[in-house]
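Just below is one structure, and these are the notes that go with it.
Numbering (the numbering used here), first residue to last: 1 to 399.
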């Protein structure tokens, strides 16, 4: 018995003193060809691990890139947010697009916390409340490592933060919102994919006020154009009036949807742009004039309707995007993004067509020059935009 006890004790010591989990390996995005290899993560050649936690729903990490010093938030091995300029553009714009356009911005609902940047951006606007929902507590905790870019939104008394499922919060409450912003993880991720379905958009629509708007982040990388078109069609099936904004530089789009017609009032846009916190927020992503913001506009409602005709709808029951997207992931990021933005550029709607009164815009050479400058800043080719204007002037297109 004594020998057996000693043997058991030795085994116990071996278990306790055995090799530790190598957290860097757990945080490696092994399905991501553009990320460091597991070996690279283990060697520490690419990143310095600042934070790691296995939360209730995900493994979360924050890493500092050795080259350049940028920080990235990893969720289950995938980068979900960062302080890089391209990601910052998306994280800021997904909040700024609706806040610059919505008729009212008193009450805002945010799906997904990430780095906390989008919440911080929303709180720079003259909002009354921001209700944010993040299902993974470790993500909220990790956002402290992005305090240098997120304005520390948890310190703002206007914020109500729930660590819960967004669909549950929307189902359980009758609160109404002027703006809903959705920036969860990627559409193919199990547990996240149901935030990209017709069923979810219908639920969200019921929580919007009649003139409310829904802002949806949508990637263009690792996604075929047909998958992109399906998600756009799914969104448009609930919100018939859709504007599409985007930046080839950031490789992302912002879908702005409403059940009411959306028209941009240039005077109101300029007024909101003049609000100093908004000016400062957009300036840090390189957009210093309202024309620069208009340079991110791609498609109006009519162009969206043409583009999505016949595309399959993604629902809770069929989950076609979750099961189809993995086939796209093996393709190069730049390849899928170029494919989608080429179509968006070809079908682009000139910005003046969605303005309530376009005359100040069309009659001002200074504004035209600023728009061209904005196109360059967001990664668009001004020559492509010029071709869109030329097509509009073609005899067959002149009404």
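Glycine included, every Cβ here is placed at the ideal spot set by N, Cα and C.
{"query": "Proximity of residue 133 and residue 178 at Cβ, strictly below 9 Å", "result": "no"}
{"query": "Residue 385 - partner residues in DSSP beta bridges", "result": "Answer by DSSP bridge pairing: none, since residue 385 is not bridged."}
{"query": "CA-to-CA distance, residue 93 to residue 359, given in whole angstroms", "result": "26 Å"}
{"query": "Neighbourhood of residue 379 by C-beta, 6 Å cutoff - its chain only, sequence neighbours within 5 removed", "result": "247, 248 and 249"}
{"query": "Proximity winner among 87, 263 and 305, relative to residue 286 (alpha-carbon distances)", "result": "87"}
{"query": "C-beta contact flag for residue 308 and residue 258 at 9 Å", "result": "no"}
{"query": "Cβ shell of residue 355 (< 8 Å), same chain only, five flanking positions each side left out", "result": "263, 264, 265, 266 and 361"}
{"query": "Nearest residue (CA-CA) to residue 206, options 192, 197, 196 and 175", "result": "175"}
{"query": "For residue 228, the first and last residue of its enclosing beta strand (DSSP E)", "result": "Residue 228 -> not in any beta strand (DSSP E); alpha helix (DSSP H) instead, spanning 225-238."}
{"query": "Backbone CA spacing between residue 252 and residue 293 [nearest angstrom]", "result": "15 Å"}
{"query": "First through last residue of the alpha helix (DSSP H) which encompasses residue 90", "result": "85-101"}
{"query": "Same chain, Cβ closer than 7 Å to residue 188, five either side skipped, listed in chain order", "result": "321, 322, 325 and 326"}
{"query": "Three-state class that DSSP yields for residue 185 in the structure shown", "result": "coil"}
{"query": "Backbone secondary structure at residue 134 - three-state DSSP", "result": "coil"}
{"query": "Inter-residue Cα distance where the pair is residue 381 and residue 102", "result": "28 Å"}
{"query": "Contact check, residue 112 vs residue 166, beta carbons under 9 Å", "result": "yes"}
{"query": "Span separating the alpha-carbon of residue 123 from that of residue 130", "result": "7 Å"}
{"query": "Buried versus exposed call for residue 274 [16 or more other C-beta atoms within 10 Å across all chains shown]", "result": "exposed"}
{"query": "Assigned secondary structure, residue 38 (DSSP; H/G/I helix, E/B strand, else coil)", "result": "Here residue 38 scores only 45 on pLDDT, less than 50, and its place in the model is too uncertain to base an answer on."}
{"query": "Where residue 375 falls, given that 16 or more other Cβ within 10 Å makes a residue buried", "result": "buried"}
{"query": "Beta-bridge partners of residue 400, as assigned by DSSP", "result": "Nothing about residue 400 can be reported from this structure: the residues present for the chain run from 1 to 399 only."}
{"query": "Within-9 Å CB hit, residue 315 to chain B", "result": "Reference to chain B is not applicable here, since this structure consists of a single protein chain."}
{"query": "Inter-residue spacing [alpha-carbon to alpha-carbon] between residue 284 and residue 84", "result": "11 Å"}
{"query": "Residue 218 and residue 208 closer than 9 Å at C-beta", "result": "no"}
{"query": "Own chain, CB closer than 8 Å to residue 389, minus 5 neighbours either side, in chain order", "result": "350"}
{"query": "Sequence-distant residues of the same chain with beta carbon closer than 7 Å to residue 55, five excluded per side", "result": "136, 137 and 138"}
{"query": "Counterpart residues of residue 111 in DSSP-defined beta bridges", "result": "133 and 182"}
{"query": "Host beta strand (DSSP E) of residue 151 (start-end)", "result": "Element bounds for residue 151: n/a, residue is neither H nor E."}
{"query": "Residues of its chain near residue 184, where Cβ-Cβ distance is below 7 Å and the 5 sequence neighbours each way are ignored", "result": "111, 112, 192 and 195"}
{"query": "Cβ separation of residue 117 and residue 158, assumed to be a contact under 8 Å, to the nearest whole Å", "result": "No, residue 117 and residue 158 are not in contact; Cβ-Cβ is about 17 Å, not under 8 Å."}
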